[in-house]
Amino acid sequence: MAFQVQSKTMARFFYSLLLLLLAPLLLGYLYVLRGNKNPGYRRYFSQRLGFGLSHLPQHGLVIHCASVGEVLAATPLIKALKQDNQAIIISCNTPTGRAEINKAFANDVDIQVCYLPIDFAFAMRRFLTRLQPKAVIVMETELWPNLFHYAKQQNSRIMVVNARLSHKSFQGYKRFSGLSRQLMDNIDLLAAHDQSDGERFIALGLAKTKLAITGSVKFDISLADDDVKRAKQLRQQLQPRPVWLAGSTHPGEHEQVIAAHQALQKHHPDALLIIAPRHPEQFSAVAELLEEQGLRFTRRSQQDINAATEVLLADTLGELKWLFGCADVAFIGGSLIPRGGHNPLEAAAHSKAIISGPHTYNFAHIYPQLIAQHGALIVENEQQLGEQLMTLLSSPEQSAELGNNAAQVLQKNTGAIAKTVQLIQGNLE
Numbered sequence: 008m009a010f011q012v013q014s015k016t017m018a019r020f021f022y023s024l025l026l027l028l029l030a031p032l033l034l035g036y037l038y039v040l041r042g043n044k045n046p047g048y049r050r051y052f053s054q055r056l057g058f059g060l061s062h063l064p065q066h067g068l069v070i071h072c073a074s075v076g077e078v079l080a081a082t083p084l085i086k087a088l089k090q091d092n093q094a095i096i097i098s099c100n101t102p103t104g105r106a107e108i109n110k111a112f113a114n115d116v117d118i119q120v121c122y123l124p125i126d127f128a129f130a131m132r133r134f135l136t137r138l139q140p141k142a143v144i145v146m147e148t149e150l151w152p153n154l155f156h157y158a159k160q161q162n163s164r165i166m167v168v169n170a171r172l173s174h175k176s177f178q179g180y181k182r183f184s185g186l187s188r189q190l191m192d193n194i195d196l197l198a199a200h201d202q203s204d205g206e207r208f209i210a211l212g213l214a215k216t217k218l219a220i221t222g223s224v225k226f227d228i229s230l231a232d233d234d235v236k237r238a239k240q241l242r243q244q245l246q247p248r249p250v251w252l253a254g255s256t257h258p259g260e261h262e263q264v265i266a267a268h269q270a271l272q273k274h275h276p277d278a279l280l281i282i283a284p285r286h287p288e289q290f291s292a293v294a295e296l297l298e299e300q301g302l303r304f305t306r307r308s309q310q311d312i313n314a315a316t317e318v319l320l321a322d323t324l325g326e327l328k329w330l331f332g333c334a335d336v337a338f339i340g341g342s343l344i345p346r347g348g349h350n351p352l353e354a355a356a357h358s359k360a361i362i363s364g365p366h367t368y369n370f371a372h373i374y375p376q377l378i379a380q381h382g383a384l385i386v387e388n389e390q391q392l393g394e395q396l397m398t399l400l401s402s403p404e405q406s407a408e409l410g411n412n413a414a415q416v417l418q419k420n421t422g423a424i425a426k427t428v429q430l431i432q433g434n435l436e
């Protein structure tokens, strides 16, 4: 037992030392490289080192959502927890995540936002000593050794919710068993997507008594009346053109999407592509690609789309959820390249036909169900993407059936938020 304790202590020591050695690179990457692409990375930069937190309340809940996807998934959960009159601080890693938090909770003065410090020992110690949270609740798999260690020193409860762990990630954590075991020891509750995810956490050292299976909170999607209304208004403006949307696309994928659209136009010359890059710093790059290909495009921020527009570039934030409702077919990005894909369930909520590339490991708990129930199609490359688009846009009945099947999968899997809230509340008593 003493040897295990010493081994875990040494593992975190060497991890912390390595982070310090890499500090110039980490800070330079965030401030210079990411800051050049998105100046938002330079704002509130002191918070990434644990400073600039004096305005935040103590003894509340810290809920960590890495970026936009996690914020969108966690928003209904956070609103449910807010009913208990808990002071809540939502931390994130990215400017887009921060913007989404501010948008979702703009009228709630009791909810604060900050950046989670980089996992330097001194930064996390300062962060947690200042806030002294009642609990640290982490969405998905943001497992930071110093965050968990110093939260435990503050007697904070540590909960990981909507947790997932792919086989690939499991193998990575397994290579650092001392560090992984310390992480698992510090966790008070882990609410996993399914039993296979839970078993992988147990194999890393999580006690079985700390594991609960809740399903994914990402299935608990509800469309606001305003989302439905805006989608309907834009769709009416675009009628009777066939419309497809490529959401959350990445470099190396933008080009394939544009090529597929050009192939589609040979059969459907009036087809409209709505392309929504994953990151704002890619908006101008995609605009340049469209110009190079001679495609007539309109930026969504300019809102002057007309019959001659071949591509609508969605260069706005927070609109993808309702933009899916304007399309006949939805392609989910991050999947034609090895990025693991993005969440297809917003498209499913609109009953839209879903197409994805082969790389969907980030949503391994969702895509198998969609595919098994004929609610999504998988393509291997841009050629197959173009072919499937031609098929679906030529057959509205087939497209509608695919979309209805996706919506049914979504409906069958709801309820994770209620289960998760109950577990969190039980661990706070």
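Throughout the sequence shown, residue numbering follows our numbering, covering 8 to 436 in sequence.
We put the CB at the ideal spot given by N, CA and C, even for glycine.
Q | Alpha-carbon to alpha-carbon, residue 339 and residue 330 | A | 13 Å
Q: For residue 372, count neighbouring Cβ atoms within 10 angstroms of its own Cβ and tell me buried if that reaches 16, exposed if not.
A: buried
Q) Exposed or buried, what is residue 10 when buried is set at 16 or more other beta-carbons lying within 10 Å of its beta-carbon? A) Low confidence applies here, because residue 10 scores a pLDDT of 42, under 50, leaving its location unreliable; read the following figure in that light. That one is exposed.
Q: Grab me the residues of residue 396's own chain with a C-beta within less than 7 Å of its C-beta, minus the 5 sequence neighbours each way, in chain order.
A: 251, 267, 271, 336
(Q) Buried or exposed, going by whether 16 or more other CB atoms sit within 10 Å of the CB of residue 322? (A) buried
**Q.** Sufficient close CB pairs (3 or more, under 8 Å) joining the region 55-73 to the region 138-146
**A.** yes
Q.
So, under 8 Å CB-CB, residue 325 and residue 110 are touching, yes? Tell me the CB distance rounded to an integer number of Å.
A. 6 Å
Q: Provide the residue(s) that pair with residue 384 in DSSP beta bridges, ordered along the chain.
A: 362
Q.
Counting beta carbon pairs with one atom in the region 222-230 and one in the region 417-429, are three or more of them shorter than 8 Å?
A. yes
(Q) Quick check on DSSP: helix, strand or coil for residue 254? (A) strand
Q. According to DSSP, is residue 373 helix, strand or coil?
A. coil
Q) Near residue 343, what residues of its chain come up, given a Cβ to Cβ distance below 6 Å and the 5 sequence neighbours on each side ignored? A) 260, 263, 364
Q) Going straight from the alpha carbon of residue 413 to that of residue 233, what length do you get? A) 22 Å
Q | the region 309-322 touching the region 209-216, judged by at least three CB pairs closer than 8 Å | A | no
Q. If you draw a straight line from the C-alpha of residue 192 to the C-alpha of residue 220, how long is it?
A. 18 Å
Q.
Between the alpha carbons of residue 428 and residue 376, how many angstroms are there, rounded?
A. 25 Å
Q) Around the Cβ of residue 40, are there at least 16 other Cβ atoms within 10 angstroms (buried) or fewer (exposed)? A) exposed
Q: Tell whether a beta-carbon distance below 8 Å holds between residue 61 and residue 100.
A: no
(Q) Please state the DSSP three-state secondary structure of residue 182. (A) coil
Q | Simplified DSSP state of residue 402, which is helix, strand or coil | A | coil
Q) With burial defined as no fewer than 16 other Cβ atoms inside 10 Å of the residue's Cβ, what is the status of residue 25: buried or exposed? A) exposed
Q) In whole angstroms, what separates the C-alpha of residue 117 from that of residue 302? A) 47 Å
Q: Let me know the beta strand (DSSP E) ranges lying completely inside the region 137-162, each 3 residues or longer, listed in chain order.
A: 142-146
Q: With a threshold of 16 other CB atoms inside 10 Å of the CB of residue 399, please say whether the residue is buried or exposed.
A: buried
Q: Please state if the CB of residue 190 and the CB of residue 152 are separated by a distance shorter than 8 Å.
A: yes
Q) In chain order, what residues of the same chain lie with their CB nearer than 6 Å to the CB of residue 8, ignoring the 5 residues before and after it? A) Per-residue confidence for residue 8 stands at a pLDDT of 47, beneath the threshold of 50, marking its modelled position as unreliable; no derived number is given.
Q: Spell out a yes or no on whether the region 44-64 and the region 122-133 are touching, meaning 3 or more CB-CB pairs, one atom from each, closer than 8 Å.
A: yes
(Q) Looking only at its chain, what residues have a beta carbon closer than 6 Å to the beta carbon of residue 42, apart from the 5 residues adjacent to it on each side? (A) 48, 49
Q: Name the two residues that bound the continuous alpha helix (DSSP H) containing residue 113.
A: Neither: residue 113 is in no alpha helix (DSSP H) and is coded neither H nor E.
Q. Does the pairing of the region 196-206 with the region 163-178 give three or more beta-carbon distances under 8 Å?
A. yes
Q | Option in 122, 135, 180 with minimal Cα separation from residue 65 | A | 135
Q: Enumerate in chain order the residues of its own chain whose CB-to-CB distance from residue 507 is below 8 Å, with the five nearest sequence positions on each side excluded.
A: The structure shown does not extend to residue 507, since the chain spans only 8 to 436, so no value can be given for it.
Q. Which term fits residue 20, buried or exposed, when burial requires 16 or more other beta carbons within 10 angstroms of its beta carbon?
A. exposed
(Q) Helix, strand or coil for residue 274? Go by DSSP, reduced to three states. (A) coil
Q.
For residue 98 and residue 79, which I take to be in contact (beta-carbon distance under 8 Å), what is that distance rounded to the nearest angstrom?
A. Contact doesn't hold; Cβ gap of about 16 Å is too wide.
Q: Measure the alpha-carbon distance for residue 206 versus residue 178 and round it to whole angstroms.
A: 13 Å
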